[in-house]
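Okay, so here's the structure we're looking at.
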Amino acid sequence: MATFGSFCLLIALVLAAYNLLAGAVALRLIATGQPARISPERLADTARRAGIAGFVAVTGAAFALIYSVFTNDFSITYILEHSNRALPIPYKFAALWSGQEGSLLLWAWLLGTYGFVLRLTHKTDVKLYSYAGTILAGVQVFFLSVLVFAAPPFALLPGYVAGVTPVPADGNGLNPLLQYPEMVIHPPMLYLGYVGFSVPFAFALGALMMRYPGEKWIRITRIWTMVTWLFLTCGIFLGMHWAYAVLGWGGYWGWDPVENASFMPWLTGTAFLHSVMMQERKGMMKSWNVWLIFSTFLLTMLGTLLTRAGLVSSVHAFAQSSIGTWFIVFMGIVLGICIFTYILQRGHLKTEHHMESLVSRESSFLFNNLVLLTACFVILWGTLFPIISEYVQGTKVTVGAPFYNRVAVPIGLFLVFLTGVGPLLPWRSSSFKAIKRNFVLPIIALWVTVIVCLAVGVRPWKDGALDTGSFYAVVAFSVAAAVLTAITAEFLRGAGVISRQTGRNLLSATWLLTRRNTRRYGGYIIHIGVVVVVIGLAGSAFNRSTESEMGLHSQMSIGPYTLVCTGFTQDSNSNYNSDYAVLDVQQGDKKVFQMTPERRFYLASGQPQTMVAIHSVPEWDLYVVYEGTNPDTGQPIIKAFLNPLVGWIWFGLVIIVFGTFIALVPNLSPATAVVRVPVTKAPPMTPALKGGD
Amino acid sequence: MVLRRLRAFKFWKRAVEASALVVVICLSMGADTPSSRQNTLSHQLMCQCGCAQLLGECDHVGCPDRDKELSELMTDIAANMTDEQVMDEFVAKYGATVLAAPTMKGFDLVAWVAPFAVFAAALLGTILLIRRWGGLGFERRAHATGTVAQTADPAEQERLDRVRRETDA
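Taken in sequence, the protein lines are chains A and B.
Numbering of the first sequence is given in this note's numbering, commencing with residue 1 and proceeding in unit increments.
Numbering of the second sequence is given in this note's numbering, commencing with residue 694 and proceeding in unit increments.
Below, the structure is given as structure tokens:
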């Protein structure tokens, strides 16, 4: 199977190279109109078919790797290092992306899949799709080259000769951190997002090369971009939940370089989704949009470079190797092509309108983009600063959570503020009266929330000094309340009009309003989801934790709960041995539920791993970790956290997903009816009505 | 017109007054909660066991460094050292990477200043750009220079229109 897999990769590389070269020649011939022995259209079609065949070949390679995992073919180095016989079936799939070579193969396969769909739907616009397909083939050539020459997933054990050298009896197993249900879906989801941005990138570059009308390619790629954005969003949140449930430190976001790498393209992608509306509606920000999608694509590459090439250290960079040079060269080539094409065709990107007012919907989009890009810069800067510092000062520094909390959090809060302000501003310009009318309710909601926060005991100041966490929490809750009020008012305003016109109740009118303009109101629902997430994030300012050794019948109190240890138990299977603590959770004297935090010891890798017990209610999560046993006393150590509002983060994601689906649904067609007009004798036309000047 | 401006002024005056009042309330509340310097400082230092976690969040049982660092921190606090002295001592002992964030001195200051400088420059640039466009007015400028808003080349415009027509669903 290793030979088959390697052969598939080689064939896929040849096909992708043909797709790139034949496609480029054909498009060049079409563009210049030069006579050729073969019809350029037919040549372009052969290139397209090669792309489709390439997808089949990469699928074959991915299948070969999965097959090798399931058949425990430990003659392949990758399988030996990332799997073992006792690994449960779902995690056998996870082995595909648990290492460097496998994750690159997953990338190539997903790119092939996107390309396959794109090439099948080429009739939407044959020429533009040819450009996009050829550019995607270029990206595919890069990944397949890395897979064939630098990081081969089917490499055999050093010195292995089939039938002569003995094959190891068992593998080293999958990293215990990855043996968690979310790890089966989180990486593919994230990769679907990463890779997916290649498609709008290819369309943008292709459209620029062929001087295609800007808003047209945006319209064509809108669904691609939104679906990709959704995948990336879900991937990031699943990663957060995995970090929360597995790493056992009570948090979900640690500003680790791997996390940052996924967040940066999300920020630029989000900016792109907003600013394309300006281009579609007003013909503005054309250059900006092109560069946003170029940057997003380059950031997906940079993220891979940062975390996979060992440039920055990360707590969960599972796969590192020396493929950095490949990525740097590729990014250089892509950037060069982007700059060259932009300079050559920039005349095509002239704006059709300019902004007329500082206080308008257009300017709010611009500021939204500005803040998103600043946030992206902050994260990139923080991620790269240790390298820069080492280069300049000769000493490496750490840029951790305190830096991001001080710099990125205020920017994020400003962004949430803009989320509420933007939709309240009319297009073109705004009068003071309109601003006052739209903003009164949100401002009232903002200040009422501030007062309520203070009344319930949230103190933004401690010992005469600013308590940053509590202060940000108060600001976040207040701004969230204002934004929710603003969005709700928008819904109610529209629904009220429909309700008056049609006699429907308000709920039904709201649904009809949403169906009539799914993009706009789907967007508002996404904003609600973001606000709910922000509320959940703000809750972290009030996290509490306690830790103690717990013998039988020992007690530990946190918040309203008392944890009583009622027993310990052990279990084992072929993959791991585990220790459980059985904890009764009481409120007052009454037992309300039981928790069983677990600590596993994986046999193949010889590594321990905690499995956190979480009890989630809307107010908070009770989060209990079995940290292990004290080597001196032999007593188990239990750490408990009370994390307020964490559930809101995951609920916010559900709203975001719902809103995105709504935004993807086509608008309801306007209702039409034939109105019969009584026939009357038309008056004789006056000369003025006959036309002419 | 004057009346409208006066009303606008009154509105913003009230908004500013309300904001100031809340800030004063914030300041007057809260000075009664006891703080934990150890907790605060342990979240500004990194654990040295290689886990890449903050000292105050390191959750490794049997971590060779966490308890040692925390006890050193407690000793420093008990010796009435200022936060800066504590940090300096840790840097002298473990190197600059023990700090969870760059300092506010020397080249490290660039880490803090750059994001705000970039944001301020971009914000200023954007505001100036919008004001320039808004101040002159695009319509007027188009008339003044005789340029056409979309494209000056009729052939190019025709090509764009054709592609738009062709791709309209």
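Glycine included, every Cβ here is placed at the ideal spot set by N, Cα and C.
Residue i - DSSP class collapsed to helix/strand/coil
i: B:PRO808; result: helix
i: B:THR733; result: helix
i: A:ARG504; result: coil
i: A:HIS553; result: coil
i: A:PHE55; result: helix
i: A:TYR472; result: helix
i: A:MET240; result: helix
i: A:TRP461; result: strand
i: A:PHE231; result: helix
i: A:ASP467; result: coil
i: A:PHE154; result: coil
i: A:VAL624; result: strand
i: A:CYS376; result: helix
i: A:CYS338; result: helix
Residue i versus the options, residue with shortest Cα-Cα distance
i: A:THR488; options: A:GLY529, A:VAL452, A:LEU27, A:PHE471; result: A:GLY529
i: A:LYS396; options: B:ALA815, B:ALA745, B:PHE783, B:GLY788; result: B:GLY788
i: A:VAL448; options: A:PRO460, A:SER478, A:PRO423, A:LEU425; result: A:SER478
i: A:THR134; options: A:VAL399, A:ARG119, A:ALA95; result: A:ARG119
i: A:LEU267; options: A:LEU299, A:ALA243, A:TYR580, A:ILE656; result: A:LEU299
i: A:ALA31; options: A:GLN179, A:MET210, A:SER470, A:SER287; result: A:MET210
i: A:ALA538; options: A:ASN369, A:ARG600, A:GLU619; result: A:GLU619
i: A:GLU41; options: A:ALA50, A:LEU29, A:VAL199, A:GLN393; result: A:LEU29
i: A:GLY173; options: A:TRP109, A:LEU96, A:THR629, A:TYR244; result: A:LEU96
i: A:GLU549; options: A:LYS639, A:GLY115, A:GLN594; result: A:LYS639
i: A:TYR561; options: A:TYR623, A:VAL440, A:LEU653, A:TYR212; result: A:TYR623
i: A:GLY559; options: A:GLN570, A:GLY536, A:GLY588; result: A:GLY588
i: B:GLY818; options: A:ALA445, A:LEU366, A:GLY523; result: A:LEU366
i: A:LEU645; options: A:ARG544, A:ALA604, A:ASN575; result: A:ARG544
Own chain partners of residue i with C-beta closer than 8 Å, once the 5 adjacent residues on each side are dropped
i: B:MET767; result: GLN731
i: A:ARG504; result: ILE498, LEU512
i: A:PRO181; result: PRO90
i: A:ASN573; result: ALA86
i: A:VAL416; result: ALA476, VAL479, ALA480, VAL483, VAL530, VAL531, VAL534
i: B:ARG833; result: Reliability of the predicted coordinates at B:ARG833 is poor, the pLDDT of 43 falling under 50, and the value obtained from them is presented with this limitation in mind. Closer than 8 Å at Cβ, skipping near neighbours: no residue.
i: B:MET797; result: TRP805
Cβ of residue i within 8 Å of any chain A Cβ
i: B:ASP758; result: no
i: B:MET797; result: no
i: B:VAL811; result: yes
i: B:GLU765; result: no
i: B:ASP776; result: no
i: B:PHE783; result: no
i: B:ILE823; result: yes
i: B:ASP769; result: no
Where the alpha helix (DSSP H) through residue i begins and ends
i: A:LEU299; result: 286-308
i: A:ALA613; result: Here A:ALA613 belongs to no alpha helix (DSSP H); instead the beta strand (DSSP E) covers 613-616.
i: A:LEU136; result: 126-145
Any chain B beta carbon closer than 8 Å to residue i
i: A:ALA26; result: no
i: A:THR395; result: yes
i: A:LEU642; result: no
i: A:SER287; result: no
i: A:TRP249; result: yes
i: A:TRP381; result: yes
i: A:ALA401; result: yes
i: A:SER578; result: no
Proximal residues to residue i (C-beta, below 7 Å), its chain only, five neighbours per side dropped
i: A:PHE231; result: MET189, LEU192, GLY193, GLY196
Beta-carbon contacts of residue i that lie in its chain and below 6 Å, excluding the five residues immediately before and after
i: A:GLU101; result: TYR78, ALA151, PRO153
i: A:ALA245; result: VAL612
i: A:VAL582; result: THR566, GLY567, THR596
i: A:PHE70; result: LYS92
First through last residue of the beta strand (DSSP E) which encompasses residue i
i: A:VAL694; result: Since the first and last residues shown for chain A are 1 and 693, residue 694 of chain A lies out of range.
i: A:SER262; result: Counting along the chain, A:SER262 falls outside any beta strand (DSSP E), though it belongs to the alpha helix (DSSP H) covering 257-282.
i: B:LEU781; result: Looking at the sequence shown, residue 781 of chain B is not Leu but Asp. That residue, B:ASP781, is in no beta strand (DSSP E); its alpha helix (DSSP H) goes 776-787.
i: A:ARG406; result: Element bounds for A:ARG406: not the beta strand (DSSP E) but the alpha helix (DSSP H), 401-421.
i: A:PHE197; result: Neither: A:PHE197 is in no beta strand (DSSP E) and is coded neither H nor E.
i: A:MET595; result: 590-595
i: B:CYS744; result: Unbroken run through B:CYS744: none, as it is neither H nor E.
i: A:GLU598; result: 598-602
Partners in chain E for residue i, counting only beta-carbon separations shorter than 8 Å
i: A:LEU370; result: The structure shown contains no chain E; its protein chains are A and B.
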